Structures are given as C-alpha cells and as structure tokens.
Amino acid sequence: MSNVSHARSDLSGHPDASEMRARYDRVMGGRDVALVDAPVFLVGLYCAVSPWVLHFTASQPALVTHNLVMGIAIAVLALGFTVMPERMYGLSWAMCAIGAWIIVSTWVVGDSPDAGIVINNIIVGGLTVLLGTVCAGAAARTRST
Numbered sequence: 021m022s023n024v025s026h027a028r029s030d031l032s033g034h035p036d037a038s039e040m041r042a043r044y045d046r047v048m049g050g051r052d053v054a055l056v057d058a059p060v061f062l063v064g065l066y067c068a069v070s071p072w073v074l075h076f077t078a079s080q081p082a083l084v085t086h087n088l089v090m091g092i093a094i095a096v097l098a099l100g101f102t103v104m105p106e107r108m109y110g111l112s113w114a115m116c117a118i119g120a121w122i123i124v125s126t127w128v129v130g131d132s133p134d135a136g137i138v139i140n141n142i143i144v145g146g147l148t149v150l151l152g153t154v155c156a157g158a159a160a161r162t163r164s165t
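Numbering of the sequence shown is given in my numbering, commencing with residue 21 and proceeding in unit increments.
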C-alpha cells in the first residue's frame, strides 16, 4: 500500500525553492509602501461617497459626478498598487496629479461651493497628493537599488 499520510514537509528541500524565493523577493522586495495601499483605497472610497456624506448632491451635481469618478479612479489605482505593485507604482505621480486636480476642481467644476465642500476637497486632494508622493518616493527608491 502507498503512504497517503498528510504530513507536511518543509519546502526547503523542494527543487524550485531557490527560484520561488528569488521570485518572491523580486515581487515583494520593493513593498516598503504596502501600508499605504489601504489608506489610498480608503481615501478613494471617501472621495467617491463624500457628496452623500456631506449632502451636496442637490446643490452641486457637477461636483457629485466629479468626486465619484475621481474617487473610483483613486480606489482603482490603490487596487492596482496592491495587485501589481511592480507595474503600478510608476503611476504614483498620476495619483499626485489627481490629488492636485481634486483641490483645484472645487472651483473649476463647482458652482459657488460652500466652505464645507471646499475644505472636504482640499483635505481629500491633499491626502491624495501626500500618499501619491509616498508611493512615488518608495518606487524611486526601489528602482535605484
């Protein structure tokens, strides 16, 4: 009879162990900003739902659509940073540009926004620029090593 015990053995004896370890190091080696992915995602989600949180859906319909689209874009970037970090961290500067646009767009897209909307978009845009800068700095540091 064959031995069908389910005892787990150590993978260090596996013939492809060194190749698997090298691939893991390549993929995860530059993940200094793994803790930034979740805040980026949360900022994107908040930006998308902020018109309903602050109740400006009736007074600023153009900003509602704008914040929804920008929030979804930021959340998709965050998901990309998580799923394909080696390819997506090059887009960190795009996230900085999105954050700057969110700040400026309050006056460009909005129609005489009140102080709450202005402060909301300045904070969301500032956080987006800050987190994008952190991601871009980590990506540059990873490429230089």
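Ideal Cβ positions, reconstructed from N, Cα and C, are used throughout, including at glycine. The structure presented is a predicted model; accordingly, all values stated were derived computationally and were not measured.
Label M90 either buried or exposed according to how many other C-beta atoms from any shown protein chain fall within 10 Å of its C-beta, with 16 as the threshold for buried. buried
Using a Cβ-Cβ cutoff of less than 7 Å, which residues in the same chain neighbour H86 once the five nearest sequence positions on both sides are dropped? S125 and V129
For M90, report the span of its alpha helix (DSSP H) as first-last. P81 to V103
Given a threshold of 16 other Cβ atoms within 10 Å of its Cβ, counted over all protein chains shown, does G110 qualify as buried or as exposed? exposed
Taking a contact to mean a Cβ-Cβ separation below 8 Å, would you say T148 touches G119 in this structure? Going by C-beta atoms, T148 is nearer than 8 Å to G119.
Delimiting residues of the alpha helix (DSSP H) encompassing V124: S112 to V128
Would you call V63 buried or exposed, if buried means 16 or more other Cβ atoms sit within 10 Å of its Cβ? buried
By the three-class DSSP mapping on this structure, what secondary structure does I59 have? The displayed chain sequence assigns Pro, not Ile, to residue 59. The three-state secondary structure of P59, taken from DSSP, is helix.
Going by C-alpha to C-alpha distance, which of P133, A156, L151 and A37 sits closest to H75? When each option's Cα is compared against that of H75, the closest is P133.
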